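Colleague: Following the working numbering, the numbering of the sequence shown begins with 19 at its first residue and continues without gaps.
Got a structure for you, written out below as structure tokens; questions coming shortly.
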Amino acid sequence: MQIVHNQLSYFNSVLGGSISSFQGDRILQYDNEKGNGRIQTVSLGSGISYTEYDMDLKEDFNFDLKLDENRSLYFIYCLEGSFRFSQGKENNKVEALQTVVIGGSNETINIKLREATKSNLSIIKVTQDGESLSKNANNELYEQLFTAFLNEDGEAHIGTFNLKIKEQLLQIRAITQVGLVRKLLIEGIVNFTLALEILHCKQDIENSGQVSTMLTKKELLRIEEAVNAIKRKPEFPYTVTDLSKEYGLSPTKLQEGFKVMEGTTVTNFIRNERLVLAEELIQTSDMNISEIVYSIGFTSRSYFSKIFRNKFKCTPKAYLMNIRNVSLSA
């Protein structure tokens, strides 16, 4: 992790700004003639480091990533904008919603960010340091990572567009907890993200790396808009046909996108979001169960009770009574 912290000091000397500390992390913030932005290094240990780059540049900016003497991997995910990277004779472009995975040892990777561009990257570094990884419960995950991505020819792996990985990385940025809880949450999300990278790599291989067999970046972004719209207003009477027209996607691609992003169908996603809203209303409002049922878009109380019991392992009435009893005893 010291190498990552040293790199932040280098960025400070080039970009200006100031470095602060929070919960063991270091944060560089700058706002000057070179642009404005924020770079945060998150301390995880056990051979893992995580860094967030959120930069609005007024001039081109290049920086190097070092591959250690021990075998190491960089997972560089582009949340917004694009960048170019070079390693040896390789020089490639990575767009938003893509990951490039680069591995090896004793090499340098150069990252090029363009001026007048919003650059938003998340970088996970995994180092196969025997001493640190031997203490880690996720040894099997890391072995799979090196097996999947550390090629003998040393070529980088550029993944096809994946919005699910973006969702996971944004969860890290939304964490408000502090101390040990925060660190454990970040470690959990980072490990889950790495597992997603393995699955996505296998999917790319099965599809021979052809983007045409998968959803495009624009289509994934439309799916993201649909998901967010449903989350904001789950009680609205959505239909697959209406959503397809609204977001310019065929019903098949709409369903495929929801399965990629949320692991379920459109109908099941809407139903689950309504149940989440129902739980919130039970906890925070004075409405009775019937009022809640109709306010969240259901027309049958018996159907609502059935799916609520399947999700929360008790009836809505029992859940409501338990909440009220807890409130009275508090």
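Note that the Cβ used here is the ideal one computed from N, Cα and C, for glycine as well.
In this text, all values refer to a predicted model and were calculated from it rather than measured experimentally.
If I follow the unbroken alpha helix (DSSP H) through Ser323, where does it start and stop?
Modeller: Looking at the DSSP string, the run of the alpha helix (DSSP H) that includes Ser323 is 319-330.
Colleague: Out of Gly266, Ser323, Ile241, state which residue places its alpha-carbon closest to the alpha-carbon of Phe287.
Modeller: Closest option to Phe287, Cα to Cα, is Ile241.
Colleague: Just the C-alpha distance for Ser230 and Phe101, rounded to the nearest angstrom, thanks.
Modeller: Below a pLDDT of 50, predicted positions are generally treated as unreliable, and Ser230, at 39, falls in that range; no measurement from the model is reported.
Colleague: According to DSSP, His218 sits in a beta bridge with which residue or residues?
Modeller: In the DSSP output, where bridge partners are listed per residue, His218 has none listed.
Colleague: Which residues share a DSSP beta bridge with Met73?
Modeller: Met73 is bridged to Gly55, Ser137.
Colleague: Considering only C-alpha positions, which residue in the set Leu75, Ser268, Thr178 is nearest to Lys235?
Modeller: Comparing Cα-Cα distances from Lys235 to each of Leu75, Ser268, Thr178, the minimum goes to Thr178.
Colleague: What number of angstroms, rounded off, separates the C-alpha of Asp86 from the C-alpha of Met279?
Modeller: Their Cα atoms are separated by approximately 34 Å.
Colleague: Going by DSSP, what residues sit across from Tyr256 in a beta bridge?
Modeller: None, per the DSSP bridge assignment.
Colleague: Are the CB atoms of Thr211 and Leu187 within a distance shorter than 8 Å?
Modeller: Going by C-beta atoms, Leu187 is nearer than 8 Å to Thr211.
Colleague: Thinking just about the alpha-carbon of each residue, which of Glu185, Glu274, Gly121, Gly206 is nearest to the one in Phe164?
Modeller: Among Glu185, Glu274, Gly121, Gly206, the Cα nearest to that of Phe164 belongs to Gly121.
Colleague: Would you call the segment 192-206 and the segment 47-56 touching, i.e. three or more CB-CB distances under 8 Å?
Modeller: Short answer: they don't touch.
Colleague: Spatial neighbours of Ala296 within its chain, please: CB distance less than 6 Å, with the 5 preceding and 5 following residues excluded, ordered by chain position.
Modeller: Same-chain partners within the cutoff: Ile310, Ile314.
Colleague: Taking the beta carbon of Gly275 as the centre, do at least 16 other beta carbons fall within 10 Å, making it buried, or is it exposed?
Modeller: Looking at its Cβ environment, which holds 16 or more other Cβ atoms inside 10 Å, Gly275 is buried.
Colleague: Where Ser323 and Gly281 are concerned, what is the direct C-alpha to C-alpha distance, given to the nearest angstrom?
Modeller: Each residue's alpha carbon lies about 24 Å from the other.
Colleague: Go ahead and label Gln228 buried or exposed: buried means 16 or more other beta carbons lie within 10 angstroms of its beta carbon, across all protein chains shown.
Modeller: Reliability fails at Gln228, whose pLDDT of 48 lies under 50, so the model's placement of it is uncertain and no value is given.
Colleague: Going by DSSP in three states, Glu185 sits in which element: helix, strand or coil?
Modeller: Residue state, collapsed to three classes: helix.
Colleague: Could you tell me whether the segment 62-76 touches the segment 102-111, where touching means 3 or more Cβ pairs closer than 8 Å?
Modeller: Short answer: they don't touch.
Colleague: Mapping the DSSP letters down to three states, classify Thr302 as helix, strand or coil.
Modeller: In the structure shown, Thr302 sits in a helix (DSSP, three-state: H, G or I).
Colleague: Quick one: give me the first and last residue of the beta strand (DSSP E) that Phe101 is part of.
Modeller: Counting along the chain, the beta strand (DSSP E) containing Phe101 begins and ends at 100-105.
Colleague: Per DSSP, which residues does Gly121 bridge with? Please list them.
Modeller: Looking at the DSSP assignment, Gly121 forms a beta bridge with Leu91.
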